[in-house]
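Peer 1: Read top to bottom, the protein sequences are chains A and B.
The opening position of the first sequence corresponds to residue 80 in this note's numbering, with each subsequent residue numbered one higher.
The opening position of the second sequence corresponds to residue 80 in this note's numbering, with each subsequent residue numbered one higher.
Glycine residues also receive a C-beta, built at the ideal position from the N, C-alpha and C atoms.
Below you will find the structure I want to go over with you.
Number of protein chains: 2
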Amino acid sequence: MAERRSEREIIRAISDQLAGGASGVLQGIGDDCAVLRPAGDRLQVWTVDTLLESVHFDLGWHPAKLLGRKAAAVNLSDIAAMGAVPRFALLSLGLPATQTAEWVDGFMAGFVESLAAAGVALIGGDTVLSMGQLSLSVTVGGEVAEEDVLYRSGAQVDDVIWVSGPLGEAAAGLALCREGVAADDPVWASLVKAHLDPEPELALGPLLAAGGHVHAMMDLSDGIATDLAHLCAASGVGAELVAEQLPLSQPLRAAAMRLRCAPLDWALRGGEDYRLLFTAPAGATLDLESLAAERLGRQLYCVGRIVQGSGVFLRDGSKRHDISYQGYDHFAP
Amino acid sequence: MAERRSEREIIRAISDQLAGGASGVLQGIGDDCAVLRPAGDRLQVWTVDTLLESVHFDLGWHPAKLLGRKAAAVNLSDIAAMGAVPRFALLSLGLPATQTAEWVDGFMAGFVESLAAAGVALIGGDTVLSMGQLSLSVTVGGEVAEEDVLYRSGAQVDDVIWVSGPLGEAAAGLALCREGVAADDPVWASLVKAHLDPEPELALGPLLAAGGHVHAMMDLSDGIATDLAHLCAASGVGAELVAEQLPLSQPLRAAAMRLRCAPLDWALRGGEDYRLLFTAPAGATLDLESLAAERLGRQLYCVGRIVQGSGVFLRDGSKRHDISYQGYDHFAP
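Next up, the structure:
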């Protein structure tokens, strides 16, 4: 195959896409380790997420460049959820021999584009042959002032529970892709984009953290039923969501009708929303709404309340269901 | 299956194995990101390495616990090669549904044991289902004083080239495992251990770096023919190895006879030695040898010289061969 490249050629092609000289980076790709000079007055945050073929993505409908953007986004989202600013990334690429040079270049173009837009330097990684599926493991480091960092564990009883956008969009988009419903139909464009090319909350996360009102924050990756249960467990509280307050978009409702699915299921249990989930005292409501609207033109959605006890409950009309941990679980029997 | 666990149960089982309260770690496993307070007076080094089933290991002969130790070791080796001390680790585990709870516990016991022995805190990671092979992606961060950090790029013409132990041991051990030659025969124990359970140079790396004599250093992971070529390219120099100076152990020579292989091939081209490769001025020879012997009871091996030009050459009797980049390449056609 004329396009097969050696490991060195692949790494050189990756390095060639990078801009040099990021601040704080003494050595990037090309040695045993990257070397950083940490900002002395800030905390660091670090996260890793792996995307595996057939589990997290399907090459049949996921364009290489968008998959590159998504591999960056899912990690950048974790950084934003701490209220931090991303700075450094490492990429570990497990490539089947069948993956073409063109595919790798497309993937890297998307990955590097998203990092660059976020001000992140690609400082290292490795490239290995895979005998099975394609695997993408991304590590990202960020920085945050000590007084701003937001944990999952800070939620307090009577806090309002917020989300930063409509829920279930990515799950609906995935269902549309799976069913082969035309991905280029503009009716479904927002849902399909939510699945293929999610946007991490890079501006909103640090803005909320610096605003001083938010008690606890995390990103939505496994569905609010599971993610909120994690936040509650870490905070030693319970939560009550109100079904009619969950933000469901028009396209999501239309897709649910088309595919005969329950839109609420996508909203509660669908993974990969990459929206922020956070809690704040009720008295901060107007401040939070105007901060997001004025600084970013964004709407926030109040979806429930933190309560005493434990577990996540959904109030739906007069009924109250325990929905704790009913989101996505890789290993659910 | 009684032993199947949910994602939460797997993560809890991992967390239960960890000692808490590592210095500099404000938040470990359990939030969107780990949170660190970097040491203000030191540089940081970061590396990631992925091990994939059927490429890097074979579950047929690799015990879970030793694979856990190895997943740590290959990354700790990169940290040692910068002259740094490892501090933090993140683990991304892609688990096939067939992998038992017992296997995961054994793997984690080995991984955590090696980290603990090195003073490293496991601060985060993720656990995902794999539809194909088992994948292990490990990120490790370390710290080093700015005046001590050693790059690949510092080699100078006339430097002596050193390695920190016999070469090709892991390649010979792998060949013995592949051929099904009794792994518990004590004759082959050192070779099989080099493949299954390599020891990173955690003490020697920082000792050499702080000693002040070494110009350039890296770890041997793809065979000296390739690794030294990387070091030479980074330093803008060439290298000449002397065949009879390459340290080949008695067990390696015996295994080569038994399997009808060329021992020099294992030494030059075999991967996964995880020994240190470094260069220093000839005048430092006695100092280096006595430092390693007195402080660690270790022998160092002088294997050649840095020369003008480029490329890695092997002097074998009166012949001189170009062996640049003839080590392991995942993507070699």
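Which whole-angstrom value describes the C-beta separation of L320 (chain B) and V236 (chain B), a residue pair presumed to lie in contact below a C-beta threshold of 8 Å?
Peer 2: Taking the second sequence and counting its residues from 1, the one referred to as residue 320 (chain B) is at position 241. Taking the second sequence and counting its residues from 1, the one referred to as residue 236 (chain B) is at position 157. About 15 Å; that fails the 8 Å criterion.
Peer 1: Taking the beta carbon of S102 (chain A) as the centre, do at least 16 other beta carbons fall within 10 Å, making it buried, or is it exposed?
Peer 2: Stepping through the first sequence from its first residue, residue 102 (chain A) is reached at position 23. It counts as exposed.
Peer 1: Use the C-beta contact count for K398 (chain A): other C-beta atoms within 10 angstroms, 16 or more gives buried, fewer gives exposed.
Peer 2: Locating residue 398 (chain A) in the first sequence gives position 319, where the first residue counts as 1. Exposed is the call here.
Peer 1: Any idea what DSSP makes of G107 (chain B), helix, strand or coil?
Peer 2: Counted from its first residue, the second sequence places residue 107 (chain B) at position 28. Residue state, collapsed to three classes: coil.
Peer 1: If the cut is a Cβ gap below 8 Å, which residues of chain B does M210 (chain A) touch?
Peer 2: Counting from 1 along the first sequence, the entry for residue 210 (chain A) is found at position 131. Correct list: L131, E132, S133, V134 and Q212.
Peer 1: Pull up the distance between the alpha-carbon of L255 (chain A) and that of D263 (chain B), whole angstroms please.
Peer 2: By 1-based counting over the first sequence, the position of residue 255 (chain A) is 176. By 1-based counting over the second sequence, the position of residue 263 (chain B) is 184. Looking at the two C-alpha atoms, the distance is approximately 55 Å.
Peer 1: Over what stretch of residues does the beta strand (DSSP E) that includes F167 (chain A) continue unbroken?
Peer 2: Numbered from its first residue, the first sequence carries residue 167 (chain A) at position 88. Its beta strand (DSSP E) spans residues V164 to P175.
Peer 1: Using a C-beta cutoff of 8 Å, does T218 (chain A) count as contacting chain B?
Peer 2: Taking the first sequence and counting its residues from 1, one reaches residue 218 (chain A) at position 139. Closer than 8 Å to some Cβ of chain B, the Cβ of T218 (chain A) qualifies, so yes.
Peer 1: For Q106 (chain B), return the contacting residues in chain A, with the cut-off set at a CB-CB distance below 7 Å.
Peer 2: The sequence position of residue 106 (chain B) within the second sequence is 27, counting from 1. Neighbours of Q106 (chain B) on chain A, chain order: Y230.
Peer 1: Please check if any C-beta of chain B sits within less than 8 Å of the C-beta of C340 (chain A).
Peer 2: On the first sequence, residue 340 (chain A) is found 261 positions in, with the first residue counted as 1. Not an interface residue.
Peer 1: Using a Cβ cut-off of 8 Å (strictly closer), state whether L327 (chain B) contacts chain A.
Peer 2: The residue you call residue 327 (chain B) lines up with position 248 of the second sequence. False, the Cβ-Cβ gap to chain A never drops below 8 Å.
Peer 1: DSSP state of G220 (chain B), grouped into three classes?
Peer 2: Here residue 220 (chain B) corresponds to residue number 141 of the second sequence, with the count starting at 1. In this structure, G220 (chain B) counts as strand in the three-state DSSP scheme.
Peer 1: Going by alpha carbons, who is nearest to L122 (chain A) out of B:T179, B:G211 and B:A113?
Peer 2: Residue 122 (chain A) sits at position 43 when you count from the first residue of the first sequence. Of B:T179, B:G211 and B:A113, the residue nearest in Cα terms is B:A113.
Peer 1: Check the DSSP bridge columns for A359 (chain B) and list the partner residues they point to.
Peer 2: To locate residue 359 (chain B), count along the second sequence from 1; it is residue 280. Per DSSP, B:V239.
Peer 1: According to the Cβ coordinates, are T305 (chain B) and Q405 (chain B) closer than 8 Å?
Peer 2: Locating residue 305 (chain B) in the second sequence gives position 226, where the first residue counts as 1. Locating residue 405 (chain B) in the second sequence gives position 326, where the first residue counts as 1. Closer than 8 Å, so yes.
Peer 1: Would you call the segment 234–250 of chain A and the segment 139–149 of chain A in contact, with 3 or more CB pairs under 8 Å?
Peer 2: As far as the Cβ criterion goes, the segment 234–250 of chain A does not touch the segment 139–149 of chain A, which means the pair count is below three.
Peer 1: What in chain A is Cβ-close to R116 (chain B), meaning under 7 Å?
Peer 2: Counted from its first residue, the second sequence places residue 116 (chain B) at position 37. Per Cβ cutoff of 7 Å: L122.
Peer 1: Considering only residues of the same chain and omitting the five flanking positions on each side of D227 (chain B), which have a CB-CB separation below 6 Å?
Peer 2: Here residue 227 (chain B) corresponds to residue number 148 of the second sequence, with the count starting at 1. Once the five neighbours on either side are set aside, the close Cβ partners of D227 (chain B) are G162, A288 and A289.
Peer 1: Is G109 (chain B) close to chain A? Criterion is C-beta to C-beta, closer than 8 Å.
Peer 2: Locating residue 109 (chain B) in the second sequence gives position 30, counting from the first residue. It does: the Cβ of G109 (chain B) has a partner Cβ on chain A nearer than 8 Å.
Peer 1: Which same chain residues, not among the five before or five after A313 (chain B), have their C-beta less than 6 Å away from its C-beta?
Peer 2: For this step, residue 313 (chain B) is matched to residue 234 along the second sequence. Cβ neighbours of A313 (chain B) beyond the five flanking positions: R231 and S232.
Peer 1: For the segment 155–176 of chain B, enumerate the residues whose C-beta is nearer than 9 Å to any C-beta of chain A, in chain order.
Peer 2: For the segment 155–176 of chain B, which is checked against every Cβ of chain A, the residues closer than 9 Å are S156, D157, I158, A159, A160, M161, A163, F167, L169, L170, S171, L172, G173, L174 and A176.
Peer 1: Closer than 8 Å, CB to CB, is D298 (chain A) near chain B or not?
Peer 2: Position 219 of the first sequence, counted from the first residue, corresponds to residue 298 (chain A). D298 (chain A) counts as touching chain B.
Peer 1: Please go through the same chain and pick out, in chain order, the residues whose beta-carbon is closer than 7 Å to the beta-carbon of D301 (chain A), but skip the five residues on each side of it.
Peer 2: Indexing the first sequence from 1 puts residue 301 (chain A) at position 222. G350, G406 and Y407.
Peer 1: Buried or exposed for Q387 (chain B), going by 16 or more other Cβ atoms inside 10 Å?
Peer 2: One-based indexing of the second sequence puts residue 387 (chain B) at position 308. So Q387 (chain B) counts as exposed.
Peer 1: Among the residues of its own chain, which have a CB less than 8 Å from the CB of I108 (chain B), if the five just before and after it don't count?
Peer 2: Looking up residue 108 (chain B) in the second sequence gives position 29. These residues qualify, in order along the chain: I90, I93, S94, L97, L201, I202, G203 and G204.
Peer 1: Straight-line CA distance for G68 (chain A) to L299 (chain A)?
Peer 2: Not covered by the structure: residue 68 (chain A). The range shown for chain A is 80 to 412.
Peer 1: Please go through the same chain and pick out, in chain order, the residues whose beta-carbon is closer than 8 Å to the beta-carbon of C381 (chain B), but skip the five residues on each side of it.
Peer 2: As a position in the second sequence, residue 381 (chain B) is number 302, starting the count at 1. Excluding positions up to five away in sequence, the list reads V239, I240, W241, Q324 and T364.
Peer 1: Under a CB-based cut-off of 8 Å, is S94 (chain B) close to chain A?
Peer 2: For this step, residue 94 (chain B) is matched to residue 15 along the second sequence. Closer than 8 Å: no.
Peer 1: Answer with yes or no whether the minimum CB distance from C112 (chain B) to chain A is below 8 Å.
Peer 2: Along the second sequence, read from residue 1 onward, the residue named residue 112 (chain B) stands at position 33. Closer than 8 Å: yes.
Peer 1: So, with DSSP's three-state summary, where would you put T126 (chain B)?
Peer 2: In the second sequence, residue 126 (chain B) corresponds to position 47, counting from 1. Here T126 (chain B) sits in strand by DSSP.
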